[in-house]
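J.:
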Amino acid sequence: MRRALAALAALVATAALAAPAAAQAVRGSYLYTLSSFTGPIPYNHSRVAVDRERNEVYVLYQNTVRVFNESGMEVYQFGDDLDLGHLVDVAVDDRGDILLLAWRDGKPAIVRCDYRGRPQARSALTGLPDTFSDFAPNRLVFQRGELYLASSMGLQVVRADREGNFLQGYDLFTLFELEEKDRGAVELGGFGVDAAGNILLTAPVLFRAFVLAPDGTLSAFGKAGGAPGRFNIAGGITRDSKGNLLVVDKLKGAVLVFTGRFEFVAQFAARGYKPGELIYPDDLAIDGRDRVYVTQAGKRGISVFKLAHL
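My numbering puts the first residue of the sequence shown at -8, with every later residue one more than the last.
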């Protein structure tokens, strides 16, 4: 009898260890809006990137890049220079260099600048296969020593080395299993890459978010609706320090939080004009301290939230 009870106890203990951990509660608290010495900066939709090593924030708006310190105060700006071309996105690499996705004379290029925004090099995308000959990127992420570029309208993603040489391409039209009638109607709403090299995507008209693993495996989650955990209009997407996925919902004016297993655990912010509320948020980024930077419309600027894992 004792042996049977002992065996049963061991079985229960083993099962408990093997069971998935319960989803951890997450709370997002409003901190402040990115500002200059004259007060909050009234951006409309903009691009935002963070340097997790140096705790700096980079915001691209109307062809100007503004740099903020870890307290959310502007320290300098650059980019209002026609020689750079039309700037569409910004990133920062592991060396602290600022990377700009710029279009000039109808061609995209990566402009590498030093920490003060002084151009150091301009690299075109090279080695693209014929299937990507019309690749027109409007998004840029630097991760794991490589460049990740996306065409929101073309539903294509390219992975390149830091010099712009093609390494791998993804045809999202095929991966999403779309039909020809969907061409031109489906676009990306959010684009990001996590520390493991997973490509994070949202497609608003599909009411879905996607995780594209380095081996090409595509996982999807999300349903349409206004209830908690469902998408009205999905926007930016990123991952926090605990592996949770954060997805902007533009219509709700909120950020939805899901576990790495796509379980909904929390929502923070809401639609409105009060501090901590959002007006048609679009994109987001997260720094090494789990501070979340959310862009929005209505000249509301970029709101900053602090995540707490309870």
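Note that beta-carbon positions come from the ideal geometry of N, C-alpha and C, so glycine has one too.
Tell me the DSSP bridge mates of Glu197?
T.: Going by the sequence as given, residue 197 is Leu instead of Glu. Its beta-bridge partners do not exist; DSSP assigns none.
J.: Taking 8 Å as the threshold (C-beta atoms), are Tyr52 and Lys290 in contact?
T.: no
J.: Just curious, the beta strand (DSSP E) that Phe164 is in, first and last residue?
T.: It is not in any beta strand (DSSP E) - Phe164 instead sits in the alpha helix (DSSP H) that spans Leu163 to Leu166.
J.: For the segment 43 to 62 and the segment 273 to 292, state whether three or more C-beta atom pairs, one from each stretch, are separated by less than 8 Å.
T.: yes
J.: Between Lys214, Asp240, Pro266 and Leu91, which lies nearest to Glu254 when the distance is taken from Cα to Cα?
T.: Lys214
J.: Roughly how many whole angstroms lie between the Cα atoms of Asp152 and Asn189?
T.: Between the alpha carbons of Asp152 and Asn189 lies a distance of about 16 Å.
J.: Taking the C-alpha atoms as reference points, what is the distance between Ala12 and Lys233?
T.: Because Ala12 sits at a pLDDT of 44, beneath the cut-off of 50, its placement in the model cannot be relied upon, and the following sentence gives the value as read from the coordinates. Roughly 13 Å separates the two Cα atoms.
J.: Just reading off the beta strand (DSSP E) that Gly226 is part of, what are its end residues?
T.: Ala225 to Arg230
J.: According to DSSP, Ala16 sits in a beta bridge with which residue or residues?
T.: Bridge partners of Ala16: none, in fact.
J.: Straight-line CA distance for Thr229 to Phe182?
T.: 8 Å
J.: Considering Ser114, what are the terminal residues of the beta strand (DSSP E) in which it resides?
T.: That run of the beta strand (DSSP E) goes Pro110 to Ala115.
J.: From which residue to which residue does the beta strand (DSSP E) around Arg103 run?
T.: Lys98 to Cys104
J.: Could you tell me whether the segment 13 to 23 touches the segment 259 to 267, using the rule of 3 or more Cβ pairs below 8 Å?
T.: Between the segment 13 to 23 and the segment 259 to 267 there are three or more C-beta pairs closer than 8 Å, enough to call the two in contact.
J.: Per DSSP, which one or two residues make a beta bridge with Ile277?
T.: Val283
J.: Grab me the residues of Glu137's own chain with a C-beta within less than 8 Å of its C-beta, minus the 5 sequence neighbours each way, in chain order.
T.: Arg150, Ala151, Asp152, Arg153 and Leu158
J.: Candidates Leu298, Ala245, Val184 and Met144: which alpha carbon is nearest Asp173's?
T.: Met144
J.: Quick one: Cα of Thr122 to Cα of Val17, how far?
T.: 42 Å
J.: Round the Cβ separation of Ala302 and Ala100 to the nearest angstrom and send it over; I've been treating them as touching at under 8 Å.
T.: Lying before the first or after the last residue shown, residue 302 is absent from the chain, which here runs from -8 to 301.
J.: Quick one: residues in its chain with C-beta nearer than 7 Å to the C-beta of Asp85, no 5 flanking neighbours on either side, listed in chain order?
T.: If you ignore the 5 residues before and after Asp85, its C-beta comes within less than 7 Å of the C-beta of Gly136, all in its own chain and listed in chain order.
J.: Along the chain, where does the beta strand (DSSP E) that runs through Arg150 open and close?
T.: Gln147 to Asp152
J.: Report the rounded CA-to-CA distance for Ile32 versus Glu171, giving the unit in angstroms.
T.: Spanning the two alpha carbons is a distance of roughly 43 Å.
J.: For a quick check, are the C-beta atoms of Pro110 and Leu140 less than 8 Å apart?
T.: no
J.: Taking only three categories from DSSP, how would you classify Phe253?
T.: coil
J.: Does the Cβ-Cβ distance between Ala225 and Asp240 come in under 8 Å?
T.: yes
J.: Short of 6 Å in beta carbon distance, which residues of its chain neighbour Gln68, apart from the five on each side in sequence? Order them along the chain.
T.: Excluding sequence neighbours, Gln68 sits near Thr55 and Arg57.
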